Each structure stands twice: as C-alpha cells, then as structure tokens.
DNA sequence: AGCCGTTATATTTTGTAAAATACAACCCGT
DNA sequence: ACGGGTTGTATTTTACAAAATATAACGGCT
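Chains as they are written, first to last, in full-length UniProt numbering: chain H, 1 to 120; chain L, 1 to 120.
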C-alpha cells in the first residue's frame, strides 16, 4: 500500500478474531476481558461496571459461554454475605489463558502485516 | 479448548481484518469484494446489485476509498452511451491484489489456530 | 429534443443491537 | 424478620447503521 496511500505510516492492519461455535460466538476479545474482570472483581455486576457495560449484557454473555462450554466457565452464587458473586472455574481460567495466547499471536500477525504494508 | 468444548470439531477461530486509516476504515473484505465486482461488472450499481447492497452504500464505500487513497481506486463516468460506469484504476487493481494476499495469509493464520484449538 | 442508465446526493424509513428500566429470587448477617 | 448486594429475567426505550426512497446531473445516441 506504500504508494497507494498519502501517509502510509498512518495506516495499519487491524482486526478481530473469535472462537465461533455452530450457533453462537463462543469467545472473543470482549468476552475475554469480561472473564478477566470477573476474575479481578469477583462479581458480574462489578465486572460489567468496570467495562462500562450493562449488567444484562454481561450476564447474557456469561450465560452464552456457560451454556456452550462442556462445563461452565463462570460459577455464580446468589444471596449470601455480600449478596452473591461470581468467579472463574478452572475451565474459565484455562479458556482465558488459551485465548490470551491466541490474541498474542494475532497481535503479532497484525504487526507483521502492518510492516509489510508499509514496506512494499 | 479441546477439553472445554462438547464438540471441539464444531468450533473454529474466525475473524476479520482491515486496513485502518487515521479517521476511517480504508479497506476490508467487503470493500475488497466491491472492488472486484466493479471490475467484473463495469459499474457501481451493478456491483451493488450483485452483492445485494444498496447503490448508496456502495457509492459511499467507493467515495471513502477514493478520498483516502493518494489516487482514486475507482474511476467513474457519468452519462455517455450506457449511462456511465466505473472501473478500477491501476491503483485500484494494485489494492485488490495486495489485500487479497493479506486475506490469504489471514485465512492461513485462522486455519492454523483452529488446528491448534482442536489439538491442545 | 428527448431517452436511457448511470453517477451523485439528500432525506426518510426501517431494522436491530444495545441500553435502560424494572423487579423477583436468593441467602448471609445483624 | 429484614436489609443489602448480588444473580436472574422480562420489558421498554434508545441509538445507530442500513435500507429505502427520491431527485438532480450527466452525456452519448437516435
């Protein structure tokens, strides 16, 4: 693109990747961050607030992941000393780790291709 | 994800990539196909029809690409023997070729990562 | 001069995803 | 018993992208 663009340095390859199931999306960057925030805050509602997302949307995303996975990624509890809460299951932690790796390789791919665009 | 999912073979990594400029998107898979259809049909309106897209939307996309590139990717003509038409400039043909290469490498990346998901 | 099919452009309508709102259920602690 | 903060769920409202509609301009042809 070097000679196609007025300022090639201002252009870069961007993108998104996600794990797609037969019916629904299973895991993408937004769901990943949601899982991380649940891990960090111990609740869906605080994770949603931290991301500027409505609780309903966050809950729907958790529900989608939990029902698609063989075993839930997020364990929830209603009521209790602090009203309830949520935390990652081992499966959830594994999903986070694996998808973070995918994301890292994808970022590398994008950086590579951005270099190539600027070069050729 | 092998042990996270009930039927790992049904899940795969999907995604999108695009060339992003400082203000607008410059080129993605939709714009690429639009350019290819313009090349094939000789007009924006026929290209739009071939893609099930409104003429306005197609024209807006062409306008966005033409104004961002150093030199237009699509040359248009109003009036004339068949009412007018559009065709790819050399710059447009080069953009198509380069972005098709990016897409090919991205498809390879996705296939790789899908294999990895199924495997580990 | 008038027709045709296109480009070019503005405005209105529609469809849909997200947000907002509301409220029941839960259960530990006081 | 009830207060608090959460999960769980339905419904309404809002925001925005896309589609639909409308219309002018263009220029070769008959």
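All residues carry an ideal CB built from backbone N, CA and C; glycine is no exception.
Note that the structure is a prediction, hence the values are computed from the model and not measured.
With three or more C-beta pairs closer than 8 Å as the rule, is the segment 32-50 of chain L touching the segment 104-114 of chain L? In the pairwise beta carbon analysis, the segment 104-114 of chain L is classified as not touching the segment 32-50 of chain L: fewer than three pairs are separated by under 8 Å.
Taking the C-alpha atoms as reference points, what is the distance between residue 101/H and residue 28/H? Counting from 1 along the first chain, the entry for residue 101/H is found at position 101. Counting from 1 along the first chain, the entry for residue 28/H is found at position 28. In a straight line, the C-alpha of residue 101/H is about 12 Å away from that of residue 28/H.
Can the beta-carbon of residue 70/L be found less than 8 Å from the beta-carbon of residue 4/H? The residue labelled residue 70/L in the question sits at position 70 within the second chain. The residue labelled residue 4/H in the question sits at position 4 within the first chain. Taking 8 Å as the cut-off, the beta carbon of residue 70/L is found closer than this to the beta carbon of residue 4/H.
Which stretch, first to last residue, makes up the alpha helix (DSSP H) that contains residue 107/H? By one-based count along the first chain, residue 107/H stands at place 107. Note, residue 107/H: alpha helix (DSSP H), 90-119.
Three-way DSSP call (helix, strand, coil) for residue 52/H in this model: Here residue 52/H is taken as the residue at index 52 of the first chain, counted from 1. Under the three-state reduction of DSSP, residue 52/H is assigned to coil, being neither helix nor strand.
Under a Cβ-count criterion, where at least 16 other Cβ atoms within 10 Å of its own Cβ denotes burial, should residue 43/L be classed as buried or exposed? Within the second chain, residue 43/L is the residue found at index 43, counting from 1. Classification for residue 43/L: buried.
Can you check which of these residues, 39/L, 16/L, 54/L, 64/L, is closest to residue 25/L by C-alpha distance? Walking along the second chain from the start, residue 25/L turns up at place 25. Closest option to residue 25/L, judged by alpha-carbon separation, among 39/L, 16/L, 54/L, 64/L: 64/L.
Residue range of the beta strand (DSSP E) that residue 41/L falls in? Taking the second chain and counting its residues from 1, the one referred to as residue 41/L is at position 41. Here residue 41/L belongs to no beta strand (DSSP E); instead the alpha helix (DSSP H) covers 29-41.
Local Cβ density within 10 Å of residue 31/H, reported as buried at 16 or more and exposed below that: To locate residue 31/H, count along the first chain from 1; it is residue 31. Buried, by the Cβ-count rule.
If distances are taken between C-alpha atoms only, which option among 21/L, 15/L, 40/L comes closest to residue 122/L? No statement about residue 122/L is possible, as the shown extent of chain L runs from 1 to 120 and does not include it.
In whole angstroms, give me the CA-to-CA distance for residue 11/L and residue 18/L. Locating residue 11/L in the second chain gives position 11, where the first residue counts as 1. Locating residue 18/L in the second chain gives position 18, where the first residue counts as 1. Computed Cα separation, rounded: 23 Å.
Mind listing which residues of the UniProt domain "HTH lysR-type" (31-92) of chain H have their C-beta closer than 7 Å to chain L's C-betas, in chain order? Listed by position along the chain: 69, 70, 91.
Run through DSSP, which three-state label would residue 46/H get? One-based indexing of the first chain puts residue 46/H at position 46. Three-state result, residue 46/H: helix.
So, using beta-carbon positions, are residue 108/H and residue 89/H closer together than 8 Å? Position 108 of the first chain, counting from 1, holds the residue named residue 108/H. Position 89 of the first chain, counting from 1, holds the residue named residue 89/H. The Cβ-Cβ distance between residue 108/H and residue 89/H does not fall below 8 Å.
Determine whether the beta carbon atoms of residue 140/L and residue 73/L lie at a separation below 8 Å. Shown here, chain L extends from 1 to 120; a query on residue 140/L therefore has no answer.
Kindly list the residues whose CB is nearer than 8 Å to the CB of residue 45/L, restricted to its own chain and excluding five residues on each side of it in sequence; keep chain order. Numbered from 1 along the second chain, position 45 holds the residue referred to as residue 45/L. Closer than 8 Å at Cβ, skipping near neighbours: 55, 58.
Go ahead and pull the three-state DSSP assignment for residue 75/H. Translated into positions along the first chain, residue 75/H becomes position 75. Strand.
Beta-carbon separation of residue 1/L and residue 14/H under 8 Å? Locating residue 1/L in the second chain gives position 1, counting from the first residue. Locating residue 14/H in the first chain gives position 14, counting from the first residue. No, they are not a contact pair.
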